[in-house]
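Have a look at the structure below, then the notes.
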Amino acid sequence: MEQSEQDVVAKAEQNAAKEPLIRQPAAPVGTGNVIFDVRDMAVWYGSFKAVTDVTLPIYENEITAFIGSSGSGKSTVLRAFNRMNDLVPGARVDGEMYYRGANLYGSGVSPIAVRRRIGMVFQKPNPFPKSIYDNVAYGPRINGERNKKKLDEIVEQSLRAAALWDEVKNRLKMSGLSLSGGQAQRLCIARTIAVEPDVVLMDEPASALDPISTGAIEDLMKDLKSKYTIVIVTHNMQQATRVSDRTAFFYVLTDAKSDTRTGVLVEYGSTKQIFEDPRDSRTQAYVTGRMG
Amino acid sequence: MSTVVKADSAVPAESAHPLARRRPLGDRAFALLALAAGLLVLVILILIVISTSQQASSWFSTEGWGIFAYNWNPGANQFGVLAFIYGTAVTAVIAVVIAVPVSIGIALLLTEVVPRRWARPIVYVVDLLAVVPSVVWGLWGILVFAPWANHIYGSIASGVNGIWVLGFLFGGNNISGASFFTAGLILAFMITPIVTSLSREVVATTPSIDKQGAYALGATRWEMIRGVVWPHSQGGVVGAVLLGLGRAMGETIAVALVIGSNPVITSHLFSPGYNMPAGIANLFGESSGVFRAALMGMGVLLFAFTIIINVIARGVVARSARRARGA
Amino acid sequence: MAVTSQPQAEPQKADLREPPSWRRTKNQIMTVLMVVAFALTMIPLGFVLVTVIAKGASVISWSFLTSSIPPNVLPANVGGMGPAIAGTLVITALATVIAVPLGILGAIYINEYGGKGILARVIGFMSDVMTGVPSIIMGLFIFTLWTLHFQYSGLGGAFALACLMLPIVIRSSEEMLKLVPDSLRQGAYALGATKARVTMTVVLPAALGGIVSGALLAVARAAGETAPLLFTIGIVTSVNWNVFSGANTSLPSQIFLNASQPYTGAQARGWGAALTLIVIAFIFMISARLVTARYARYSS
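Residue numbers (the working numbering), protein chains in the order written: chain A, 1 to 292; chain B, 1001 to 1327; chain C, 2001 to 2300.
Now the structure itself:
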């Protein structure tokens, strides 16, 4: 980094010390339906606090992007939405997370029911070692669908919605592993929407793909928005500006005394506002490329 | 694998020792010694084939294809060993049928269900099964288990006689605690540790991201195992099962004590029977001439069968490991 | 987590309760079955160990461990298994001395000298296959090659056991050699050492803990084997310390013999021998684990 940029970041850190640590949205940021209501959420792995002080509403039929440098907790928060953190021994979620009015972490809540409604697409495409058809049919099958005709219908619809049908309609019996990166990721998206979720979470869905496949995935996201609510984690800021309606910026707080790094939500607003007129200096430093 | 650097290139032309212009004698001798030790394996295997076949030659020439006949009667100079081959197959199959579900269950339990901390003690217990020597299994089998099993088998047999498949397998008149079934059961105990350990190695290589993909679709743990872990591991597990099968076929002493020493071919599993290694072990002492050659010949056949199964099994395991790494 | 006021969302709450019971039940049943599988292995293990300890302990005594083997008819408190213990010790020791150095050398060939060559891969593959050869075949082999010409002796038995141990030692030693990082070798070469020297003075010591542990397990396996000894050592009733000439006996051989005896005395002595054998095998197994824990510098 050059001297002047170092100064900017140093100044941002100084300002941060003066400003209140967390920027709460002053009033509900949007006017649509709130799908997720998150208040004062923190995630712990054992005695390590991974992310803290997260408060944000996620709106229906929008694409919300989580951005920030690595270690800032964006993936951790994303995984809290569909209770994937449960798979990590010692993981704990504090605070409140409501999905359509129901407490995601309440007693009596089944993570399996949660994940049916809130699906996830991963960074590295992970098609199962099965045929393309069986990949997409896996979800409906475990939910009890046995009727062959209905399954055929679901598979076709899902593959169409994922913009993959035309490319694979004649080779549905071929292994899912035989697809290229971009196709495999679209297969994973088809697989996710085959169970008819309400929300689709995406953890850096295009970061392992080439630029052309990335473009295809981004177009797909914009098409899916009308039916689903999408939350994506991305480290590609241009992608956030291209696809998302709303953006949340996460930042890593380093505690010099205990040498721990904890993620924190710094700012949340419409994508236009975050990138053109960020209110926190740390957000500004990040989106202008000087930090992270 | 090891470094490709050859000793020659490691010793520079003008090394510290001015006399070391070419590779020192001691170094070359050591390399040859290591090579000889390695070749010993191949030499032994070849010698086994040659020496035992040669000893069995009088049997081959006397009986011809009759070696596969069902007419074992040394007193009448008849040495067809089909009954022993049958017994080898039956006891090994029983062992595999019993041991494989148990072993896979334990492997899945260890990799998917129990927390890390409990895995090690459980593995210790399963490995303890392997510490019990074959002869001790046999001792316990014939002196303790067989008499007790005699009653149980008798009750079962009289109960199912006449019922279609059950009577076919478990009925009959010649019931004994020392039988095909007892031998197969004890073999199952003996092969469980190795099938479990190999299956566990395979199952543990399932990529975590595939498992997460299944969970993210709302699968229960069992659904995830069926949908992701199983397709990924089935090749390797098949290899492990084949290795268990090979091991069961060759186990001698425990079987020799509990199989009942009766060369028959029958579907009734509670009947006393015989198999190849047990036959060799029990009958060798009193044998001579063609009789002895026949036992040697059984050894040749047993060797051939187990080698074939082991080669196939190792091939299957290697291929699935390669695929798992590449995928 | 306190329940606070609802945000302005639609009145109906999402239903996040349990999935249909049949899915949950199936999951639970499968988990139970897996636990049952483990329990099933403990039952026969428990039975055998309890029986051996109970029946064997009543016979074991110092005189049992040192007396000669009496005729089978005699009751349990007469005689003992001294010759068998002696036989097992000397024959297994001789087999170890033969098999372990050769096995380590073979592993050294495969891992250090063989490289990616086809010969090394064939030898490695055939070693794997050889571990699956039934032990009785080794007995027949040595009988043909050695015993027919030189009569029964402990040496023949040792050869047969060594054939059994060789591939096991090769395979486990090779695994350990593979784990030694290449940087160690490079460092030694850079100092001008020859390959033999590098192998013997740097690589082998680094892998020694694991190699010794593997060898101990092979010894435990060999000590318990009966079939290779059936046709090679014969049988005796008094101690024969000369492992190079004269028939001999061993604990597994005696157990095999006594197991088919109708006399309770012989059977009781068999249980005593079984307990002794299990204790020996157990000691080796524990030693192997201890060595791995304390001395194996690189483990997988």
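All C-beta atoms, glycine included, are put in the ideal place defined by N, C-alpha and C.
Note that the structure is a prediction, hence the values are computed from the model and not measured.
The secondary-structure analysis by DSSP pairs I230(A) across a beta bridge with I63(A) and V200(A).
Residue pairing from DSSP places M120(A) in a beta bridge opposite L201(A). Every alpha helix (DSSP H) of 4 residues or more that sits fully in the region 73–146 of chain A is shown, in chain order, as 74–81, 111–117 and 132–142.
A206(A) sits in coil when the DSSP states are folded into three classes, being neither helix nor strand.
When the beta-carbon positions are compared, V1041(B) and I2211(C) stay at least 8 Å from each other. Under DSSP, M41(A) forms a beta bridge with V54(A).
Taken in chain order, the members of the region 122–141 of chain A whose beta-carbon sits within less than 7 Å of a beta-carbon on chain B are F122, K124, N126, F128, P129, K130, Y138 and G139.
Counting only unbroken stretches of 4 or more residues, the alpha helix (DSSP H) elements lying wholly within the region 1226–1289 of chain B are 1230–1250, 1253–1258 and 1276–1283, in sequence order. Secondary-structure assignment with DSSP links W1072(B) through a beta bridge to F1079(B). For the set F2141(C), I2085(C), T2237(C) and Q2254(C), the Cα lying nearest the Cα of S1051(B) is the one of F2141(C). Look at the beta carbons and you see the region 194–204 of chain A touching the region 108–125 of chain A: at least three pairs across the two are nearer than 8 Å. In the structure shown, Y251(A) falls within a strand segment according to DSSP collapsed to helix, strand and coil.
In the DSSP assignment, L1128(B) falls outside any beta strand (DSSP E) and lies within the alpha helix (DSSP H) extending over R1116 to V1131.
Using a Cβ distance threshold of 8 Å, D40(A) and G106(A) do not count as a contacting pair. Under the criterion of beta carbons closer than 8 Å, A2193(C) and I1106(B) do not qualify as touching, at roughly 46 Å.
At least 8 Å separates the CB of S2213(C) from every CB of chain B. A1281(B) sits close to T1252(B), with the two beta carbons spaced by under 8 Å. Counting only residues of its own chain and dropping the five nearest sequence neighbours on each side, L1045(B) has no CB closer than 6 Å to any other CB. Using a CB distance cut-off of 8 Å, A2227(C) counts as an interface residue toward chain B. The residues A2160, C2163, L2164 and P2228, in chain order, have a CB closer than 7 Å to that of M2138(C) in the same chain once the five nearest residues on each side in sequence are set aside.
Fewer than three Cβ pairs drawn from the region 1235–1251 of chain B and the region 2185–2205 of chain C lie within less than 8 Å of each other, which leaves the two stretches out of contact. Taking all protein chains in view, the Cβ of I35(A) is crowded by 16 or more other Cβ atoms within 10 Å, so the residue is classified as buried. Contact annotation for P89(A) against chain B: P1115 and R1116 [CB-CB distance below 9 Å, chain order]. Note that the C-beta distance between A1083(B) and V1290(B) is not below 8 Å. Here the alpha carbon of G1260(B) sits roughly 52 Å from the alpha carbon of E145(A). In the three-state DSSP reduction, G68(A) falls in the strand class (E or B).
Collapsing the DSSP output to three states places I2235(C) in coil. Between Q183(A) and E167(A) the beta-carbon gap is near 6 Å, inside 8 Å, which marks them as a contact. Residues of the same chain with a CB within less than 6 Å of the CB of F2231(C), apart from the 5 flanking positions on each side, are G2139 and F2143 in chain order. Think of a sphere of 9 Å around the beta carbon of T1220(B): the chain A residues whose beta carbon falls inside it are I112 and I142, in chain order. For G119(A), the residues of chain B that pass the 9 Å Cβ criterion are A1216, L1217 and G1218, in the order they occur in the chain.
The beta-carbon of L1033(B) is placed less than 8 Å from the nearest beta-carbon of chain C. Along the region 2127–2189 of chain C, the alpha helix (DSSP H) occurs as fully enclosed runs of 4 or more residues at 2135–2142 and 2154–2179, listed in sequence order. Of all residues in the region 1124–1154 of chain B, only Y1124, V1125, V1126, D1127, L1128, L1129, A1130, V1131, V1132, P1133, S1134, V1135, V1136, W1137, G1138, L1139, W1140, G1141, I1142, L1143, V1144 and F1145 place a beta-carbon less than 9 Å from a beta-carbon of chain C. Membership of L265(A) in the beta strand (DSSP E) is indicated by the continuous run T260 to S270. Here M97(A) is actually not in contact with I132(A); their C-beta atoms are around 34 Å apart, not less than 8 Å.
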